[in-house]
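S.K.: Dropping a structure here in structure tokens format, bear with me for questions.
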Amino acid sequence: MITDIVMLRHGRTSMNLERRLQGQIDVPLDIIGQWQVDHSGLALAQRYYWAKVSNIAAHPDLLPTPPVSAVRAADIEEYRKAPAAARTMRVVSSDLFRAQQTAHAFADILGLDVRLDPRLRERAFGEWEGMTRAEILERWPEDFRSWKRHEGGELAHGVESRREVGERGAEAIRSYVREARDEPGEETLMVVSHGSWIVATIATLLGMDVDEANGLDGMRNAFWSRMALERGADGDRWLLVEFNRGPQIAEFVDWENGPQELRSPDMPMWKPIAG
Numbered sequence: 010m011i012t013d014i015v016m017l018r019h020g021r022t023s024m025n026l027e028r029r030l031q032g033q034i035d036v037p038l039d040i041i042g043q044w045q046v047d048h049s050g051l052a053l054a055q056r057y058y059w060a061k062v063s064n065i066a067a068h069p070d071l072l073p074t075p076p077v078s079a080v081r082a083a084d085i086e087e088y089r090k091a092p093a094a095a096r097t098m099r100v101v102s103s104d105l106f107r108a109q110q111t112a113h114a115f116a117d118i119l120g121l122d123v124r125l126d127p128r129l130r131e132r133a134f135g136e137w138e139g140m141t142r143a144e145i146l147e148r149w150p151e152d153f154r155s156w157k158r159h160e161g162g163e164l165a166h167g168v169e170s171r172r173e174v175g176e177r178g179a180e181a182i183r184s185y186v187r188e189a190r191d192e193p194g195e196e197t198l199m200v201v202s203h204g205s206w207i208v209a210t211i212a213t214l215l216g217m218d219v220d221e222a223n224g225l226d227g228m229r230n231a232f233w234s235r236m237a238l239e240r241g242a243d244g245d246r247w248l249l250v251e252f253n254r255g256p257q258i259a260e261f262v263d264w265e266n267g268p269q270e271l272r273s274p275d276m277p278m279w280k281p282i283a284g
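Its first residue numbered 10, the sequence shown is counted upward by one per residue in our numbering.
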């Protein structure tokens, strides 16, 4: 049964750097995004190292086999008897490529498979996808201001509502919980998705009004949030344990722009949105 859910946002893309609404446009990570997810993937793999042990215990063929000349053979029983073997981890990802890259930066270290799920895609932004906020403001000033006030002006342009995104995400999470409900042991679910999707899904699971969830800021690239699921006589209870957390290195470097040695001379600097 699933008791722990980690939601990891993908790393930076060139469209993130240009401050464009990506929505469901399929774009890869840029060089800084790959650097971000490599650091976050390593940090999370260190935290959840037990998942590698558990996976080997369940799939003995993954245990490296020494040559016949070795003094001793590899001992699968060490893995099967370890307490870690009683817990499992499942990794699921949005099928958009930037999310897949992020998922594999974590899962490949631990030897885990990645399951793709289109329900985990980012919020669809309709005809606004690929545009900057300045471009939208210039063409549709009233709808833009309505969107910023959470009054729904964006819906006239085929944009998926925040409530729809939250319901889509929450139902995907609940479906995974239902699938694993009768499985023995505890399971951690690693979900790799997108910023708006993660915030809307968390708000929905917590029973918050998605349009009024002002206490939840946006997710930074390659940062994660974690929820715990408690079961009781009155039903499931969702708890937000971590929100918008990243690897320790992010506290000491310019996380959004990455190290100098990765930035080409013509690469613009990422800047926060003013106002």
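Quick reminder that beta carbons are idealized off the backbone N, C-alpha and C, glycines included.
Among all the DSSP beta bridges, which residues are the ones paired with residue 134?
M.R.: Answer is 168, bridged to residue 134.
S.K.: Near residue 126, which residues of its chain fall below 8 Å by C-beta distance, leaving aside the five closest residues on each side in sequence?
M.R.: So the qualifying residues of the chain are 101, 102, 103, 104 and 181.
S.K.: Whole angstroms is fine: what's the gap from residue 194's alpha carbon to residue 96's?
M.R.: The alpha-carbon atoms of residue 194 and residue 96 are separated by roughly 6 Å.
S.K.: To which residues of the same chain is residue 179 closer than 6 Å at the C-beta, ignoring the five residues directly before and after it?
M.R.: Closer than 6 Å at the Cβ level, and outside the excluded window around residue 179, lie 210, 213 and 214.
S.K.: Rounded to a whole number of angstroms, what is the C-alpha to C-alpha distance between residue 98 and residue 144?
M.R.: Residue 98 and residue 144: Cα-Cα distance of roughly 43 Å.
S.K.: Just to confirm my understanding: we take residue 162, look at its own chain, exclude 5 residues before and 5 after, and list those with CB closer than 6 Å. What are they?
M.R.: These residues qualify, in order along the chain: 152, 155 and 156.
S.K.: Would you kindly report the start and end of the unbroken alpha helix (DSSP H) that includes residue 262?
M.R.: Where residue 262 is concerned, there is no enclosing alpha helix (DSSP H), given that its DSSP letter is neither H nor E.
S.K.: What is the DSSP secondary structure of residue 111, counted as helix, strand or coil?
M.R.: DSSP places residue 111 in helix when its eight states are reduced to three.
S.K.: Do you know how far the Cα of residue 219 is from the Cα of residue 205?
M.R.: Cα to Cα, the separation comes out at about 11 Å.
S.K.: Could you spell out the range, first to last residue, of the beta strand (DSSP E) harbouring residue 18?
M.R.: Looking at the DSSP string, the run of the beta strand (DSSP E) that includes residue 18 is 11-18.
S.K.: Going by DSSP, what residue range makes up the beta strand (DSSP E) through residue 198?
M.R.: Start and end: 195-202.
S.K.: Assuming residue 33 contacts residue 136 under a Cβ cut-off of 8 Å, what Cβ separation, rounded to an integer in Å, is found between them?
M.R.: So it is not a contact: roughly 13 Å between Cβ atoms.
S.K.: Can you list the alpha helix (DSSP H) stretches of 4 or more residues lying completely in the stretch 19-70, in chain order?
M.R.: Segments of the alpha helix (DSSP H) lying fully in the stretch 19-70: 23-26, 40-56 and 59-67.
S.K.: Out of 134, 191 and 260, point me to the one whose CA is closest to residue 170's CA.
M.R.: When only C-alpha atoms are compared, the closest one is 134.
S.K.: Does DSSP put residue 284 in a helix, a strand or coil?
M.R.: Its pLDDT being 49, under 50, residue 284 is placed unreliably by the model, and nothing is read from it.
S.K.: So, with DSSP's three-state summary, where would you put residue 102?
M.R.: Here residue 102 sits in strand by DSSP.
S.K.: Quick one: which unbroken beta strand (DSSP E) runs of 3-plus residues sit fully inside the stretch 139-186? Chain order, please.
M.R.: Here no run is fully enclosed.
S.K.: Run the CB neighbour count on residue 167, radius 10 Å, all protein chains shown included, and call it buried at 16 or more, exposed below.
M.R.: With fewer than 16 Cβ atoms within 10 Å of its Cβ, residue 167 is classed as exposed.
S.K.: Mapping the DSSP letters down to three states, classify residue 213 as helix, strand or coil.
M.R.: Note: residue 213 maps to helix in three-state DSSP.
S.K.: For residue 160, which option in 221, 276 and 122 has the closest C-alpha, if you only look at C-alpha atoms?
M.R.: Minimum Cα distance to residue 160 is reached at 221.
S.K.: Helix, strand or coil for residue 89? Go by DSSP, reduced to three states.
M.R.: Of the three classes helix, strand and coil, the one that applies to residue 89 here is helix, per DSSP.
S.K.: In its own chain, which residues sit with a C-beta less than 6 Å from the C-beta of residue 197, not counting the 5 before and 5 after it?
M.R.: Excluding sequence neighbours, residue 197 sits near 13 and 98.
S.K.: Identify, in the order they occur along the chain, each residue of the same chain with its Cβ nearer than 8 Å to the Cβ of residue 246, setting aside the five sequence neighbours on each side.
M.R.: If we look at residue 246 and ignore the five residues flanking it on each side, its Cβ neighbours are 238, 239 and 240.
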